[in-house]
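Working notes for the structure below.
Dropping the structure here:
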C-alpha cells in the first residue's frame, strides 16, 4: 500500500477517485506532458491511465504512485517504480505549471528518493530526463544525481539517464 509522505509544504498521498479531473488536467497540459513518457496523449488515454492506477498499480501493489498536494490542492504527480531498462528503480514526478519556480519539485524528488532509500532499501535510484528538459536536469543535479549515460530514442531524441547513490555513510548498519 502506497504510504503518505510529507515534506515541508507538500503532502504525497495515494490518489482517490475524485482526483480524476485534476489528474487529467495535469497530464493534458502540454507544458507538463511534453516531458512525460512518450509525450502528450489523448484525454481518453489519460483517463485510462488514471483508472489503471487503481485497477492495476494499487490493486496489485505494483509500485508507489502519489498525488502531490499543496494546501489541499492537487499540484502534481510522483512515483517510484522498478524499471527493467535501467535494472533498478526510477523516480518520476510532474508539477502543474502554477507550482513551478517555488522549489516544490526539489521537495517532491527528495521525498521519493528518501522513500526509496529508507523504506524500499535501495542503494541507487534512477531518473530519466529528456535532454532539452533543463529545469529537471538542473533540479536533479542539485540534489545529487549524476549523469550515467544517454539513450537515443527511436525518434532521434536523447534521454539522459541519471542516478543517485545512497551515501556510503548511510550503508553502514552503525550509521543508522
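Numbering (the numbering used here), first residue to last: 209 to 384.
The beta carbon of each residue, even a glycine, is placed where N, CA and C say it ideally should be.
Top-ranked residue by Cα proximity to residue 288, from 297, 281, 240, 261: Nearest Cα to residue 288 within the set 297, 281, 240, 261: 297.
From the DSSP output, read off the bridge partner residues of residue 274. Beta-bridge annotation (DSSP): residue 274 is paired with 286.
May I ask you to report which of helix, strand or coil DSSP gives residue 384? Its pLDDT being 40, under 50, residue 384 is placed unreliably in this model, and the coordinates cannot settle the point.
Let me know the alpha helix (DSSP H) ranges lying completely inside the segment 320-355, each 4 residues or longer, listed in chain order. Taken in chain order, the unbroken stretches of alpha helix (DSSP H) that lie wholly in the segment 320-355 and span 4 residues or more are 342-350.
Residues near residue 339 by beta carbon distance below 6 Å, same chain, minus five either side: Hits under 6 Å: 366, 368.
Comparing alpha-carbon positions, which option in 286, 372, 351 lies nearest residue 294? The option with the nearest alpha carbon to residue 294 is 372.
Quick one: Cα of residue 308 to Cα of residue 335, how far? Taking the straight line from one Cα to the other gives about 19 Å.
Answer with buried or exposed for residue 331, where buried requires no fewer than 16 other C-beta atoms within 10 angstroms of its C-beta. The residue in question, residue 331, is exposed, as its Cβ has fewer than 16 Cβ neighbours within 10 Å.
Going by Cα to Cα distance, which pick from 353, 262, 358, 361 is closest to residue 318? If we check each option's Cα against that of residue 318, 353 comes out closest.
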